[in-house]
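Read through the structure below, which is laid out as structure tokens, and then see the notes.
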Amino acid sequence: MRDILKLSTGLLLFLLPAAVSAGEPAATFESEPVGWASVEGATTGGKGGPVFRVSDEATLAAKLKGNEPATIVITGPIALESKVRVGSNKTLLGEGAQGRLTGAGLTLAKVNNVILRNLTIHDSDDDAINIEGESHHVWVDHCDLARSHDGLLDIKHGSDLITVSWCHFHDHHKTCLLGHSDKPSALAEDRGPRIKESSG
């Protein structure tokens, strides 16, 4: 029975990406996160807050500050001079193919309830997306990450309850970091992060 269950689960995980890629983008199917970002409280991002459309670094950084709910839509490519910090209760969306960030990436530190969707982040001078400081309830969906100076996606320092779905990692040799060190104290801090991954 256990062998059958393992086989069935393996087939499900194998067929799920194929089923989604054969139809429309998964963003049309998933109105809310699956996996760990959906448990122990919901991940709703900026739901209920205002919607801001941005196309420059200064406005992007300003609208992502603080913990008030807000949805920020990137309407044009932005060349960042420095990494942008994302506050709690935020949804950051790329509009079509316009949600493109280059030069630097995004940092989520000591935050919760954040959604990042349909973003392209290439050629960052550090990490493309850095999640740290016991951040939790984060959904990263349909993001294209490539050619960062450091990692494409770092999840560390006690961060937990994260879903990474249908993202594309490419042209890089340090794709994803889970935890930040192999020292005993660090292993205790990063012990057992709960991360749901279904990326292509």
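Mapping of the sequence shown onto mature numbering (1 follows the signal peptide of the UniProt record, and there is no 0): residues -22 to -1, 1 to 178, in sequence order. Backbone N, C-alpha and C define an ideal beta-carbon position, used for all residues, glycine too.
As assigned by DSSP and simplified to three states, the class of residue i
i      : result
LYS25  : coil
TRP14  : helix
TRP117 : strand
GLU110 : strand
LYS61  : coil
LEU42  : helix
ALA48  : strand
ALA36  : helix
LEU156 : strand
LYS68  : strand
Same chain only: Cβ atoms within 7 Å of residue i, ignoring 5 sequence neighbours per side
i           : result
THR22       : ASN91
GLY77       : ILE52, LEU71, ASN96, LEU97 and THR98
residue 197 : A query on residue 197 cannot be resolved here, the shown segment of the chain reaching from -22 to 178 and no further.
Supposed close pair residue i, residue j - CB separation, criterion 8 Å
i      : j     : result
GLY111 : LYS88 : 4 Å
GLY27  : GLY44 : Not a contact, Cβ separation roughly 11 Å.
SER143 : VAL12 : 7 Å
Contacting residues, own chain, Cβ-Cβ under 6 Å from residue i (five flanking each side not counted)
i      : result
ASP149 : ALA124 and ARG125
SER102 : ALA82, GLY83 and SER126
PRO55  : ARG78
ARG63  : THR85
HIS100 : THR80, ALA124 and ARG125
Residue interval of the beta strand (DSSP E) (run including residue i)
i      : result
LEU86  : 84 to 87
HIS100 : 98 to 102
THR80  : 78 to 81
SER143 : 138 to 143
ARG95  : 90 to 95
ASP122 : 122 to 124
HIS148 : 146 to 148
ASP132 : 131 to 133
Residue i vs residue j beta-carbon contact at 8 Å
i      : j      : result
LEU58  : GLU35  : yes
LEU42  : LYS68  : yes
LEU94  : CYS121 : yes
GLY136 : CYS154 : no
THR80  : TRP117 : no
LEU38  : VAL29  : no
Other residues of its chain near residue i: CB distance less than 8 Å, five sequence neighbours each side excluded
i     : result
LYS25 : PRO47, THR49 and THR69
GLU8  : ASP119 and SER143
GLU10 : SER16, ALA20, THR21 and THR22
Near the ligand HEM: residue i beta-carbon under 7 Å from a heavy atom
i     : result
VAL17 : Ligands are entirely absent from the displayed structure, and the ligand HEM is therefore not among its contents.
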